[in-house]
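Peer 1: Just dropping this structure here.
Residue numbers (the numbering used here): 1 to 188.
See the structure below:
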């Protein structure tokens, strides 16, 4: 019998319904890609299922919610423990089986595609690009934007993400009520 993974006060535990197979899993199985220190020895870098329990310090989640998660390992197990920052709610339009392939496979492809499309000096209009990204992936996305800004690119982004709005030097415009007006990040 496999022991139920232990949680810290800052973790949530997911009862896994589905997982995905990706290259890193295959490499790990062959012994070429060891799990990070402290990670589950069980394969699986992503999963989807239902939140089973919450650590005392976790807010914003409820037991029973559908979740998908990016994991350092353990996605093939019946239960997986994850930091809330690496978990995302499963959109209603996705089955748990579909959602299981989103955190590692789809989001990596999405970020890689976006990175390849950034050209120096370009003007990019983005509508809620954070919708497909976990907070951790938003930070990676923000790093790509900052690098593109250094090459003269400009971005106009419609977003609700405090992570993206916190970009140093960003000019934030509020559309909450007419007229459209500049607003400081601290006043949001």
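Ideal Cβ positions, reconstructed from N, Cα and C, are used throughout, including at glycine.
#1: Which residue wins for smallest C-alpha separation from residue 186, given the options 179, 178, 176, 172?
#2: Assign residue 144 to buried or exposed, taking buried as 16 or more other Cβ atoms, counted over all protein chains shown, within 10 Å of its Cβ.
#3: Pick helix, strand or coil for residue 176, following the three-state DSSP scheme.
#4: Sorry if obvious, but does the Cβ on residue 146 come closer than 8 Å to a heavy atom of the ligand ZN?
#5: If you follow the beta strand (DSSP E) that residue 18 is part of, which residue opens it and which one closes it?
#6: Distance check for residue 151 and residue 57, CA to CA, integer angstroms please.
#7: Closest to residue 161 by C-alpha separation, out of 188, 50, 114, would be which residue?
Peer 2: On the basis of the supplied data:
#1: 172
#2: exposed
#3: coil
#4: Ligands are entirely absent from the displayed structure, and the ligand ZN is therefore not among its contents.
#5: 12-19
#6: 41 Å
#7: 188
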